[in-house]
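Inspection log for the structure reproduced underneath, given as structure tokens.
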């Protein structure tokens, strides 16, 4: 797979997430529970579509 493929989504490592920016995390349903446990800060579900769930970081 190459970065020029149209279905490759950009990503950022958890430890590199900016602390004061709006972040949207996309995961599948089987990994959704881990988002609130593994990511720093407080996260809320922003929506779902098909097999994907979207989370956003709550403002502090």
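Numbering (the numbering used here), first residue to last: 54 to 113.
Ideal Cβ placement from N, Cα and C applies to all residues, glycine included.
As the structure is a prediction and not an experimental result, all values here were calculated from the model.
- The DSSP-derived three-state label of residue 81 is strand.
- In terms of Cα proximity to residue 107, the closest of 87, 66, 77 and 94 is 77.
- The continuous stretches of beta strand (DSSP E) do not include residue 68, and DSSP gives it neither H nor E.
- Under the 10 Å beta carbon count, residue 112 is surrounded by fewer than 16 other beta carbons and is classified as exposed.
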